[in-house]
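Enquirer: Next up is a structure, given as structure tokens.
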Amino acid sequence: KRPAGAPDRSLARPVTKVGIVGAGLMASQMALLFVRRLEVPVVLTDLDQERVDKGVAYVHAEIDKLLAKGRISNDKANRHKALVSGAVDKAEGFAGADFVIEAVFEEMSVKKSVFADVEKAVSPECVLATNTSSLSITEMAADLEHPERVVGFHFFNPVAVMPLLEIVKGEQTDDATLATAFATGKALKKTTILVKDSPSFIVNRLLGRFMGEVGRIVDEGTPVTVVDGAFAGVAPMPPFVLLSLVGPAIALHNNETLHRAFPDRFYVSPALERVVAARKASYYGPDGSLDPE
Ligand code: CAA
Numbered sequence: 320k321r322p323a324g325a326p327d328r329s330l331a332r333p334v335t336k337v338g339i340v341g342a343g344l345m346a347s348q349m350a351l352l353f354v355r356r357l358e359v360p361v362v363l364t365d366l367d368q369e370r371v372d373k374g375v376a377y378v379h380a381e382i383d384k385l386l387a388k389g390r391i392s393n394d395k396a397n398r399h400k401a402l403v404s405g406a407v408d409k410a411e412g413f414a415g416a417d418f419v420i421e422a423v424f425e426e427m428s429v430k431k432s433v434f435a436d437v438e439k440a441v442s443p444e445c446v447l448a449t450n451t452s453s454l455s456i457t458e459m460a461a462d463l464e465h466p467e468r469v470v471g472f473h474f475f476n477p478v479a480v481m482p483l484l485e486i487v488k489g490e491q492t493d494d495a496t497l498a499t500a501f502a503t504g505k506a507l508k509k510t511t512i513l514v515k516d517s518p519s520f521i522v523n524r525l526l527g528r529f530m531g532e533v534g535r536i537v538d539e540g541t542p543v544t545v546v547d548g549a550f551a552g553v554a555p556m557p558p559f560v561l562l563s564l565v566g567p568a569i570a571l572h573n574n575e576t577l578h579r580a581f582p583d584r585f586y587v588s589p590a591l592e593r594v595v596a597a598r599k600a601s602y603y604g605p606d607g608s609l610d611p612e
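320 is the number of the first residue of the sequence shown in full-length UniProt numbering; add one for each residue after it.
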């Protein structure tokens, strides 16, 4: 059955090579999923060779783990590893790609300049997908020559495990792009839903309300370990474990985007801002309090 709002699947274009902009945590998890499910060449790009090499090494290591667990054959592991490569130069790396997805820093100006760059490296039909968790697809596409091939393609962390994929249609996204996005999501074995191009889409908007309240409780003086403890057995991950998994900076950015859009409903916690300002990857202090030092 076609997901609600998805165009006719006959409009989908084949995906024979995938480009990924960024080689960080989400990007390299996506590379692993694409190579395993689509079995096509996947090219990671980033600002320098070191980051690119790290992204490719992650994918190779995860494939080795699957091999060690007996989940895949030696042949398949070798084949999948050979399909993943990296490049610093997008024009070289993305030549012939028909699906490029970006997972760079969550900032509109950065995403726009990445897409402007990618547009020079690929054909006009190549889908430009973004893994943004909160920003406007319409705005991200606005200055491109072909804004109709931009689509939101939002995975959740951990990418290998979380079943949902939010597909976001911008004002100018055309049916062929949308159909390709749905067909690709299906090939990746994800549950695809069409969501409106509104701040933080559906899941992160709901999570933003929840996390805002979590922030308030900590701002009122409750230790993070107590908040986590209150959730044991209620959700698969306690709030601060989940926030550490997602990354404090991304979580804060999400709440800031939502607060700008709906100031009466979303809260940006000063305590969480301090954690991000201190560039901490986790929230835990020695005594269960927030630890921004
Ligand atoms: N990366 C890859 N795979 C992982 C993983 C990770 N970080 N963590 C766990 N897994 C895999 C395990 O390998 C295991 O796979 P198999 O069953 O195939 O062996 C499977 O997940 C289950 O793992 P465990 O049994 O060890 O652990 P668990 O039962 O506690 O489940 C979890 C782990 C699925 C991550 C679970 O804790 C969970 O659902 N957590 C909530 C995650 C969540 O809500 N994510 C959304 C975050 S919001 C977001 O991402 C939005 C955004 O844009 C910022």
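Backbone N, C-alpha and C fix where the C-beta goes; we use that ideal spot for every residue, glycine too.
Check this for me: beta carbons of residue 346 and residue 339, under 8 Å apart or not?
Expert: Position 27 of the sequence shown holds residue 346. Position 20 of the sequence shown holds residue 339. The answer is yes: Cβ separation under 8 Å.
Enquirer: In whole angstroms, give me the CA-to-CA distance for residue 454 and residue 474.
Expert: Residue mapping note: residue 454 aligns to position 135 of the sequence shown, counting from 1. Residue mapping note: residue 474 aligns to position 155 of the sequence shown, counting from 1. If you take the alpha carbons of residue 454 and residue 474, they lie about 14 Å apart.
Enquirer: From the DSSP output, read off the bridge partner residues of residue 448.
Expert: Numbered from 1 along the sequence shown, position 129 holds the residue referred to as residue 448. DSSP lists 420, 470 as partners of residue 448.
Enquirer: The beta strand (DSSP E) that contains residue 485, what's its start and end?
Expert: Translated into positions along the sequence shown, residue 485 becomes position 166. Unbroken beta strand (DSSP E) run through residue 485: 483-488.
Enquirer: Check for me: the alpha helix (DSSP H) holding residue 428 runs from which residue to which?
Expert: Numbered from 1 along the sequence shown, position 109 holds the residue referred to as residue 428. Looking at the DSSP string, the run of the alpha helix (DSSP H) that includes residue 428 is 427-440.
Enquirer: Using only the heavy atoms of the ligand CAA, determine whether one of them is closer than 7 Å to the beta carbon of residue 476.
Expert: By one-based count along the sequence shown, residue 476 stands at place 157. For the ligand CAA, at least one heavy atom lies less than 7 Å from the Cβ of residue 476.
Enquirer: Confirm, please, whether the CB-CB distance from residue 378 to residue 357 is below 8 Å.
Expert: If you number the sequence shown from 1, residue 357 lands on position 38. If you number the sequence shown from 1, residue 378 lands on position 59. Result no, Cβ atoms of residue 357 and residue 378 do not sit closer than 8 Å.
Enquirer: Out of curiosity, what's the CA-to-CA distance linking residue 584 and residue 529?
Expert: Start at 1 with the first residue of the sequence shown, and residue 584 comes out as number 265. Start at 1 with the first residue of the sequence shown, and residue 529 comes out as number 210. Answer to the nearest angstrom: the Cα atoms are 11 Å apart.
Enquirer: Threshold first: 3 residues or longer. Then list the beta strand (DSSP E) segments lying entirely within the region 512-588, N to C.
Expert: Complete beta strand (DSSP E) runs here, min 3: none at all.
Enquirer: When we look at the beta-carbon of residue 355 and count the other beta-carbons within 10 Å, is it buried (16 or more) or exposed?
Expert: Indexing the sequence shown from 1 puts residue 355 at position 36. When all chains shown are included, residue 355 counts as buried.
Enquirer: Is the beta carbon of residue 571 sitting closer than 8 Å to the one on residue 543?
Expert: Sequence index remark: in the sequence shown, residue 571 carries index 252 (1-based). Sequence index remark: in the sequence shown, residue 543 carries index 224 (1-based). Contact: no.
Enquirer: Say the cut is 7 Å; is the CB of residue 569 nearer than that to a heavy atom of the ligand CAA?
Expert: By 1-based counting over the sequence shown, the position of residue 569 is 250. Yes, since a heavy atom of the ligand CAA falls inside the 7 Å radius drawn around the Cβ of residue 569.
Enquirer: Three or more beta-carbon pairs under 8 Å between the region 360-374 and the region 397-417, yes or no?
Expert: Flag = yes, the region 360-374 and the region 397-417 touch.
Enquirer: Starting from residue 378, trace the alpha helix (DSSP H) in both directions and tell me its first and last residue.
Expert: As a working mapping, residue 378 is identified with position 59 in the sequence shown. Segment 368-387, the alpha helix (DSSP H) holding residue 378.
Enquirer: How many angstroms separate the CA atom of residue 299 from the CA atom of residue 593?
Expert: No information on residue 299 is available, as it lies outside the stretch 320 to 612 that the chain covers here.
Enquirer: For residue 581, I'd like the list of residues in its chain whose CB is within less than 8 Å of its CB, leaving aside the five on either flank, ordered along the chain.
Expert: Taking the first residue of the sequence shown as position 1, residue 581 is located at position 262. Excluding residues within five positions, the ones whose Cβ falls inside 8 Å are 518.
Enquirer: DSSP three-state label for residue 406, please.
Expert: On the sequence shown, position 87 is the one that residue 406 refers to. Of the three classes helix, strand and coil, the one that applies to residue 406 here is strand, per DSSP.
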